[in-house]
Amino acid sequence: MTAKHAATVRKFAILSLSAAVAAAVLLGVLSLRSPGGPGPLFASDNNQAETGQASAEPNQPDRTKEEPAKDRDIPRPDHNHPAFAERAEERNLMVARYIQDENVKDPNVLRAMRTVPRHAFVRPVDLRRAYADHPLPIGLNQTISQPYIVAYMTEALGLDANDKVLEIGTGSGYQAAVCAEIAREVHTIEILEPLAKSATKRLKELGYKNVTVKHGDGYFGWQEQAPFDAVIVTAAAGFVPPPLLQQLKPGGRMILPLGSPYGIQTLVLVTKDRNGNIRSKRVLPVRFVPMTGKVTER
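Every letter in the sequence shown is one number past the one before it in our numbering, and letter 176, counting from 1, is 601.
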């Protein structure tokens with residue numbers, strides 16, 4: 426086993442909800458990453474999906490950039506909240522040990538992970554574990570993702586300062602905050618109203634003025650704010666919701682976990698080229714909570 430495969434197995438074991446699930450997925454890692462394995466499932470009403478095309482490569486975006494709208498001045502995060510000054514050394518250690526050493530290299534992502542105070546997004550009972558490389562419960566059977574996975578998914582999107590991001594699955598708001606440290610604006614949707622309300626309050630208090638939270642079903646995306654340069658989905662589904670593909674800008678990138686909500690899942694990187702053609706690549710075995718709402722009706 427190469428060092429790279431060993432790191433992947435270690436990371437996936439951490440994400441597994443139980444030792445039994447972890448063992449099952451470890452047996453399937455090779456088939457998931459095999460070029461001959463089944464592709465990600467696209468809904469049948471998406472007539473643009475072409476999974477047989479060349480694979481998308483992380484951090485090599487083919488995107489047509491647009492200048493930010495001149496009539497809207499979206500402020501950057503202000504970092505005035507005391508939480509940003511707290512536990513900075515722990516964040517630095519988290520990034521060095523669990524993220525940078527595991528081959529996440531984008532300097533914008535590393536800076537964002539060092540900046541966002543993860544302890545402000547976890548429950549009081551979990552404060553001691555805030556900077557461990559583990560997912561943590563946030564209530565309502567939801568979790569805040571493992572720091573490595575947050576960094577990995579963010580890096581895969583290749584964000585820059587002009588980007589407009591859609592997130593599906595706000596949760597505590599941590600992933601949205603990380604994206605907001607890099608991108609121009611982030612729009613995030615949460616299907617559970619209590620989490621949408623608490624994330625809105627938390628992000629506002631922390632000074633994330635470039636993040637907007639909406640309570641709703643992420644399956645439908647956010648048409649009023651479309652198109653998006655990047656889409657990130659933080660809950661697992663069996664297929665890519667067609668509205669998310671439609672709202673992805675030509676040249677845009679999407680990352681999401683696909684697979685059984687209670688079994689094997691894989692992070693899939695999806696790109697849309699300038700002609701609207703869809704490409705996909707399986708990149709990492711993972712374990713996420715299931716996406717709910719309209720997506721479960723198929």
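Beta carbons are placed, not taken as given, at the ideal position from N, Cα and C, and that holds for glycine.
Rounded separation between residue i and residue j - CA only
| i | j | result |
| --- | --- | --- |
| L692 | D526 | 20 Å |
| P682 | R512 | 31 Å |
| Q648 | E514 | 40 Å |
| Y599 | N702 | 31 Å |
| M716 | T595 | 12 Å |
| D585 | A608 | 5 Å |
| R699 | R548 | 43 Å |
| G643 | V708 | 23 Å |
| A576 | E722 | 31 Å |
| N541 | Y687 | Residue identity differs from the one stated: residue 541 is Val in this sequence, not Asn. Computed Cα separation, rounded: 30 Å. |
| N528 | P710 | 16 Å |
| V665 | D588 | 21 Å |
| H506 | V720 | 37 Å |
Residues near residue i in its chain [Cβ-Cβ closer than 6 Å; skip 5 each side]
| i | result |
| --- | --- |
| M679 | V656, L673 and V695 |
| T625 | V638 |
| V534 | A576, T579 and E580 |
Residue i vs residue j beta-carbon contact at 9 Å
| i | j | result |
| --- | --- | --- |
| V603 | M519 | no |
| D558 | Y523 | yes |
| P668 | F653 | no |
| F546 | I569 | yes |
| A555 | R543 | yes |
| L670 | K697 | yes |
Spatial neighbours of residue i in its chain, beta-carbon cut-off 8 Å, leaving aside the 5 residues before and after
| i | result |
| --- | --- |
| D503 | G632 and K634 |
| E618 | H640 |
| S685 | A661 and G663 |
| N566 | V714 |
| G564 | R548, P619 and L620 |
Bounding residues of the beta strand (DSSP E) (the contiguous stretch that carries residue i)
| i | result |
| --- | --- |
| R678 | L673 to G684 |
| R536 | Segment P532 to T540 is the alpha helix (DSSP H) holding R536; no beta strand (DSSP E) there. |
| H544 | Here H544 belongs to no beta strand (DSSP E), and DSSP marks it neither H nor E. |
| Q525 | Q525 -> no beta strand (DSSP E), and no H or E assigned at all. |
| D642 | It is not in any beta strand (DSSP E) - D642 carries neither H nor E in the DSSP assignment. |
Contacting residues, own chain, Cβ-Cβ under 7 Å from residue i (five flanking each side not counted)
| i | result |
| --- | --- |
| V611 | V590, E592, A601, C604, A605, N635 and V636 |
| L582 | A655, I657, R678 and I680 |
Alpha helix (DSSP H) segment containing residue i, residue limits
| i | result |
| --- | --- |
| A557 | Careful: A557 lies outside any alpha helix (DSSP H) and carries neither H nor E. |
| R516 | A513 to M519 |
Output the residue ranges of the alpha helix (DSSP H) runs that lie fully inside the stretch 562–625 and measure 4 residues or longer, sorted by chain position.
If you keep only unbroken alpha helix (DSSP H) runs of at least 4 residues inside the stretch 562–625, you get 572–582 and 599–605.
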